[in-house]
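Residues in the first sequence are numbered from 8 upward in steps of one, following the numbering used here.
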Amino acid sequence: MDNYLDGLNESQRKAAECIEGPMMVIAGAGSGKTRVLTYRIAHMVKLGVDPFNILALTFTNKAAREMNERIQKIVGDSDSRNLTMGTFHSVFARILRYNAERIGYPSNFTIYDTQDSKSVIKDIVKEFNLDDKAYKPGMVLGRISAAKNNLISAEAYATNEEILLEDKQSRRPELSRIYTAYVNRCQRAGAMDFDDLLFQTNVLLRDFPDVLQYYQHKFRYILVDEYQDTNYAQYLIVKKLAAAYENICVVGDDAQSIYSFRGANIQNILNFKKDYPDFKLFKLEQNYRSTKSIVEAANSVIARNKDQIKKEVWTENELGKPIVILRTLTDNEEGKVIANRIFDLKQTGEYTYKDFAILYRTNKQSRSFEEALRKLNMPYKIYGGLSFYQRKEIKDLLAYFRLTANPHDLEAFKRVINYPRRGIGKTTVENLIIASSSYNVTVWTILENMAQYPVNISAAAKAKLIDFVTMIKSFGAQLEQTPAYDLAHHIAKSSGILKELHSEKEKGPEEVERYQNVEELLSGIKAFAESIEEGEDQKTLSDFMLDVALLTDADQEKEEDKNKISLMTIHSSKGLEFPHVFLVGLEENLFPSQMSLNTRSELEEERRLFYVAVTRAEESCTISYAASRFAWGNLISSEPSRFISEINDDFIQHEHPYGEKVSSRSLSSKISEPTFQGGLNKRFSPAPKLRSLDSIKSGKTNSRVQEEHAALKVGYNVIHDRFGKGKVIEINGEGSDKKATIFFPKEGSKTILLRFAKLQILED
DNA sequence: CCAGTACTTAGGTTG
DNA sequence: TAAGTACTGG
8 MDNYLDGLNE SQRKAAECIE GPMMVIAGAG SGKTRVLTYR IAHMVKLGVD
58 PFNILALTFT NKAAREMNER IQKIVGDSDS RNLTMGTFHS VFARILRYNA
108 ERIGYPSNFT IYDTQDSKSV IKDIVKEFNL DDKAYKPGMV LGRISAAKNN
158 LISAEAYATN EEILLEDKQS RRPELSRIYT AYVNRCQRAG AMDFDDLLFQ
208 TNVLLRDFPD VLQYYQHKFR YILVDEYQDT NYAQYLIVKK LAAAYENICV
258 VGDDAQSIYS FRGANIQNIL NFKKDYPDFK LFKLEQNYRS TKSIVEAANS
308 VIARNKDQIK KEVWTENELG KPIVILRTLT DNEEGKVIAN RIFDLKQTGE
358 YTYKDFAILY RTNKQSRSFE EALRKLNMPY KIYGGLSFYQ RKEIKDLLAY
408 FRLTANPHDL EAFKRVINYP RRGIGKTTVE NLIIASSSYN VTVWTILENM
458 AQYPVNISAA AKAKLIDFVT MIKSFGAQLE QTPAYDLAHH IAKSSGILKE
508 LHSEKEKGPE EVERYQNVEE LLSGIKAFAE SIEEGEDQKT LSDFMLDVAL
558 LTDADQEKEE DKNKISLMTI HSSKGLEFPH VFLVGLEENL FPSQMSLNTR
608 SELEEERRLF YVAVTRAEES CTISYAASRF AWGNLISSEP SRFISEINDD
658 FIQHEHPYGE KVSSRSLSSK ISEPTFQGGL NKRFSPAPKL RSLDSIKSGK
708 TNSRVQEEHA ALKVGYNVIH DRFGKGKVIE INGEGSDKKA TIFFPKEGSK
758 TILLRFAKLQ ILED
């Protein structure tokens, strides 16, 4: 036997060697699951499985690429190239392109990003003359997205009494109509949104048995990583594809399920047992990543969750340093303190910048760390947030490319019809869109056949529109012949975008940056076009556009960014590891997020998120929180997160932000020296503070709020900011833990911690 | 049609 | 605070 399996321990090896039949690997944090997947695939290829028959679905494209590189080292280049690996979205986007016509889309369909989707919804709400406060684009899109992820089509939605009632009760009875209109508009524009990529794949596999059969046989071996974060639409795709051979391997960890807001469903793990009763179960419980302190600290917190599959994550690694807890006065100070700590560690010469990560709950928290790091001249990289592809200048140019590939793409059209300015105003565009609705054809069709579809626009506007159409058509004519970079550059130039950005070059650094960004996109296309492999055709711009909508910053990491401090949300840190992790902003209402406090399951997801964050750390994990932070221009005071007090005391150590230790170093001593600045008397029992955020904002006094909560009795009618009118059916707990169970006709009954509730007692 | 200004309102995570 | 929108005068 070759020695490539020698790098695995006993249980890893067993999992990697099992390649036939259904199997599930429950893999604790840091237990080497990527390793198992990698070696398992390599092993299959070594045993003679054709790589062409293997499908591996990963959570990010980066993970797929890295795995592919590692496999390549074992099995060689030509074999690894034939593997199908990637995210659900990118793999099935490609499959949909091949088969688009069968489900009523052009093969060059556009992929609408969230911004595009919201814009479509905004238009619909406006056209239907609906209250844009009740129908906020984000909320509507969320509802549509949830429906699609559960494979509920617009038609099914419109005839589902339960859903309709739900919408009616939340005073949004028009959601169904909006959903229908939204689907129609996307389809007419030849566009799919992110959720369509999964939804339409299901349609394709459901309605075309020959297609299903083809892919069932092609993907004879299927692997799914991060299975705990798949939603119903993804579950069903996998189930269908695996039905013929049942060579299906799923890998996951229920303790790291953090995407339920996106429809992810732990239920999928349970379904797996039902779908494949004779499946093999493997558990990887030995952690190789982190010190004992880190593993035990994380374990002690996650143990509080009720919903979980029992497992014992353990490690042979040394005890290591305790988790350090830091308290700072403000968010700005938090930034400085963390930056200083990193600076000091870096000074020891043992580490490089890439060994450090700052993890936060929300993207906006990055600001104070950026500032502090910049002052100390330390290089950092922010993941997520506003990505390169979301920048205005990039989206503008991409919109020209999109329109060239698919001129019916209305969102791209709206974006660039008057950028750079060519005197085509809002009214003209609005009239075109209205006409498009009444003729039931796309705006582009109208523009191509102005004689056939009269529109109420001025002659001047008409002439300009014709120029525009001519230009886009001339781009389109070159799409399939001209090399990608040449056409891209040509479009950037003749559309006027380059000139527009160049003419403002004098104005300041931001403008210069914009110009450079466009140049960077163009050189990215150049690199893409030059990356052709032997036997491949020349790459065109339309090849480039195929999956540009699915690219993220992490996929395009630049060489100079490789050795930098990483700043990212906990969500995007999933699957990564760092010697030193700084987990910041551990405050009630921020982490756990205020929005998660209403139900146990939401709170448990926050706790899993905390678990994910802590287990990213290899050597040290430092947790910080601020006593107050800026929000919307004013200072809001905050309390330490409950998660801090949930960590087993044996593995934590409170330190003064500027160095000296607050408590004795001994791990076993139950520390409680009250020497924090500003004096926090007790240790972190989530202090029974009744003065909530809201009472401060609304200017209510402490006692007033207390009175209101004390006065609340079973049977009272109340109004809640988010849930509306409700009736109190139960009260329990004391002080800060006082909770009320309230029945809201629109939302069902909820148990709410009074200290966070925004309740108003009704007079009667 | 456009650019500048006043006003409003933000609650979170992502492909 | 900051970003996005609505309004208004040129």
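C-beta: ideal position from N, C-alpha, C; glycine also.
Is the segment 182 to 191 touching the segment 405 to 420, taking contact as three or more C-beta pairs under 8 Å?
no
Sequence-distant residues of its chain with Cβ nearer than 7 Å to Gln-545 (five each side left out):
Position 538 of the first sequence, counted from the first residue, corresponds to residue 545. These residues qualify, in order along the chain: Pro-490, Ile-539.
Give me the Cα-Cα distance between Val-775 and His-587, rounded to the nearest whole angstrom.
Nothing can be reported for residue 775, as the shown portion of the chain is limited to 8 through 771.
Opposite Asp-200 in the DSSP bridges: which residues?
As a working mapping, residue 200 is identified with position 193 in the first sequence. According to DSSP, Asp-200 bridges with Tyr-119.
Got a sec? Which residues, its chain only, sit under 7 Å from Gly-28 by beta carbon, not counting five neighbours each side?
Translated into the one-based positions of the first sequence, residue 28 becomes position 21. The residues are Glu-253, Asn-254, Lys-287.
Please go through the same chain and pick out, in chain order, the residues whose beta-carbon is closer than 7 Å to the beta-carbon of His-96, but skip the five residues on each side of it.
To locate residue 96, count along the first sequence from 1; it is residue 89. If you ignore the 5 residues before and after His-96, its C-beta comes within less than 7 Å of the C-beta of Phe-201, Leu-204, Leu-557, all in its own chain and listed in chain order.
Of the listed residues Leu-352, Thr-322, Glu-543, Val-147, nearest to Asn-16 (C-alpha basis):
On the first sequence, residue 16 is found 9 positions in, with the first residue counted as 1. Out of Leu-352, Thr-322, Glu-543, Val-147, Thr-322 has the C-alpha closest to the C-alpha of Asn-16.
Can you find a heavy atom of the ligand GTP that lies under 7 Å from the Cβ of Thr-449?
Inclusion of the ligand GTP in the displayed structure is not the case, the ligand content being empty and no account of it being possible.
8 Å contact criterion, which Gln-263 and Lys-581 should meet: CB distance rounded
As a first step, residue 263 is located in the first sequence; it is residue number 256 there, counting from the start. As a first step, residue 581 is located in the first sequence; it is residue number 574 there, counting from the start. Gln-263 to Lys-581, Cβ: 7 Å. Contact.
Note down, in chain order, each residue of its chain lying with its Cβ closer than 6 Å to the Cβ of Ala-36, except the 5 sequence neighbours on either side.
Translated into the one-based positions of the first sequence, residue 36 becomes position 29. Within its own chain, the residues whose Cβ lies closer than 6 Å to the Cβ of Ala-36, once the five positions on either side in sequence are excluded, are Thr-622, listed in chain order.
Using the beta-carbon count (16 or more within 10 Å), is Lys-155 buried or exposed?
What you label residue 155 is simply residue 148 of the first sequence in a count that begins at 1. By the 16-neighbour rule on beta-carbons within 10 angstroms, Lys-155 is buried.
Decide if Phe-376 is buried, meaning its Cβ has at least 16 other Cβ atoms within 10 Å, or exposed.
Reading the first sequence from its first residue, position 369 is the one you call residue 376. Looking at its Cβ environment, which holds 16 or more other Cβ atoms inside 10 Å, Phe-376 is buried.
Once you ignore the five residues that flank Thr-65 on each side, which residues in its own chain have a CB closer than 8 Å to its CB?
Stepping through the first sequence from its first residue, residue 65 is reached at position 58. If we look at Thr-65 and ignore the five residues flanking it on each side, its Cβ neighbours are Ala-71, Met-74, Met-92, Gly-93, Thr-94, Asp-232, Glu-233.
In terms of DSSP beta bridges, what is Cys-256 paired with?
For this step, residue 256 is matched to residue 249 along the first sequence. DSSP lists Met-30, Leu-230 as partners of Cys-256.
Near Ser-608, which residues of its chain fall below 8 Å by C-beta distance, leaving aside the five closest residues on each side in sequence?
Along the first sequence, read from residue 1 onward, the residue named residue 608 stands at position 601. So the qualifying residues of the chain are Ser-267, Asp-314.
Starting from His-497, trace the alpha helix (DSSP H) both ways and give me its first and last residue.
Here residue 497 refers to the residue found at position 490 of the first sequence. It spans 491 to 501 - the alpha helix (DSSP H) in which His-497 sits, taken as one unbroken run.
Quick one: residues in its chain with C-beta nearer than 7 Å to the C-beta of Ser-673, no 5 flanking neighbours on either side, listed in chain order?
Your numbering for residue 673 matches position 666 in the first sequence. Annotation note: pLDDT 34 at Ser-673 (below 50); position unreliable, coordinate value reported separately. Closer than 7 Å at the Cβ level, and outside the excluded window around Ser-673, lies no residue.
The beta strand (DSSP E) spanning Arg-636 covers which residue range?
For the purposes of this step, residue 636 is taken as the residue at position 629 of the first sequence. Looking at the DSSP string, the run of the beta strand (DSSP E) that includes Arg-636 is 624 to 638.
With distances taken between CB atoms, is the gap from Ile-332 to Ile-630 smaller than 8 Å?
If you number the first sequence from 1, residue 332 lands on position 325. If you number the first sequence from 1, residue 630 lands on position 623. A contact, by the Cβ cut-off of 8 Å.
Going by beta carbon distance, what residues of the same chain come within less than 7 Å of Gly-342, once the five residues before and after it are set aside?
For the purposes of this step, residue 342 is taken as the residue at position 335 of the first sequence. Once the five neighbours on either side are set aside, the close Cβ partners of Gly-342 are Ser-375, Phe-376, Glu-378, Ala-379.
Just how far apart, CA to CA, sit Cys-193 and Met-199?
What you label residue 193 is simply residue 186 of the first sequence in a count that begins at 1. What you label residue 199 is simply residue 192 of the first sequence in a count that begins at 1. Straight-line Cα distance between these residues: approximately 6 Å.
Alpha carbon of Val-787 to alpha carbon of Leu-62, nearest angstrom:
Only positions 8 to 771 of the chain appear in this structure, which leaves residue 787 out of reach.
Between Ser-124 and the rest of its own chain, which residues show a CB-CB distance below 6 Å, the 5 nearest in sequence each way excluded?
Here residue 124 refers to the residue found at position 117 when the first sequence is read from its first residue. Excluding its 5 nearest sequence neighbours in each direction, Ser-124 has C-beta neighbours in its own chain below 6 Å: Leu-148, Asp-200, listed in chain order.
Shortest alpha-carbon distance to Pro-647 belongs to which of Ser-600, Trp-639, Phe-658, Ala-638?
In the first sequence, the residue the question calls residue 647 occupies position 640. Closest by alpha carbon: Ser-600.
So, under 8 Å CB-CB, Glu-611 and Asn-312 are touching, yes? Tell me the CB distance rounded to an integer number of Å.
By one-based count along the first sequence, residue 611 stands at place 604. By one-based count along the first sequence, residue 312 stands at place 305. Rounded, the Cβ-Cβ distance is 5 Å, consistent with contact.
Would the beta-carbon of Arg-178 fall within 8 Å of that of Ala-153?
Along the first sequence, read from residue 1 onward, the residue named residue 178 stands at position 171. Along the first sequence, read from residue 1 onward, the residue named residue 153 stands at position 146. No, they are not a contact pair.
Of the residues Leu-642, Tyr-618, Val-257, Asp-86, which one's Cα is nearest the Cα of Glu-303?
As a working note, residue 303 is residue 296 in the first sequence. For Glu-303, the nearest C-alpha among the options comes from Tyr-618.
Inter-residue Cα distance where the pair is Leu-528 and Ile-401
In the first sequence, residue 528 corresponds to position 521, counting from 1. In the first sequence, residue 401 corresponds to position 394, counting from 1. If I take the Cα positions, the gap works out to 7 Å.
Do you know offhand how far Ala-23's Cα is from Thr-67's?
Numbered from its first residue, the first sequence carries residue 23 at position 16. Numbered from its first residue, the first sequence carries residue 67 at position 60. C-alpha separation (whole angstroms): 21 Å.
In the DSSP output, which residue or residues are listed as bridge partners for Lys-388?
One-based indexing of the first sequence puts residue 388 at position 381. BP columns for Lys-388 point to Ser-573.
Name the two residues that bound the continuous beta strand (DSSP E) containing Ala-63.
Translated into positions along the first sequence, residue 63 becomes position 56. Counted as a single uninterrupted DSSP element, the beta strand (DSSP E) harbouring Ala-63 occupies residues 61 to 65.
Within 10 angstroms of the Cβ of Lys-565, are there 16 or more other Cβ atoms? Answer buried if so, exposed if not.
Sequence index remark: in the first sequence, residue 565 carries index 558 (1-based). The residue in question, Lys-565, is exposed, as its Cβ has fewer than 16 Cβ neighbours within 10 Å.
Ile-464 to Glu-168, Cα distance in whole Å?
The sequence position of residue 464 within the first sequence is 457, counting from 1. The sequence position of residue 168 within the first sequence is 161, counting from 1. Their Cα atoms are separated by approximately 43 Å.
Should His-661 be labelled buried (16 or more other beta-carbon atoms within 10 Å of its own) or exposed?
Along the first sequence, one-based indexing puts residue 661 at 654. Buried: at least 16 other Cβ atoms inside 10 Å.
On a CA-only basis, which of Met-51, Gly-592, Ser-38 is nearest Arg-334? Give me that one, please.
Numbered from 1 along the first sequence, position 327 holds the residue referred to as residue 334. Checking every option, the nearest Cα to that of Arg-334 belongs to Gly-592.
For Glu-537 versus Ser-126, is the C-beta distance shorter than 8 Å?
On the first sequence, residue 537 is found 530 positions in, with the first residue counted as 1. On the first sequence, residue 126 is found 119 positions in, with the first residue counted as 1. Taking 8 Å as the Cβ cut-off, Glu-537 and Ser-126 do not qualify as a contacting pair.
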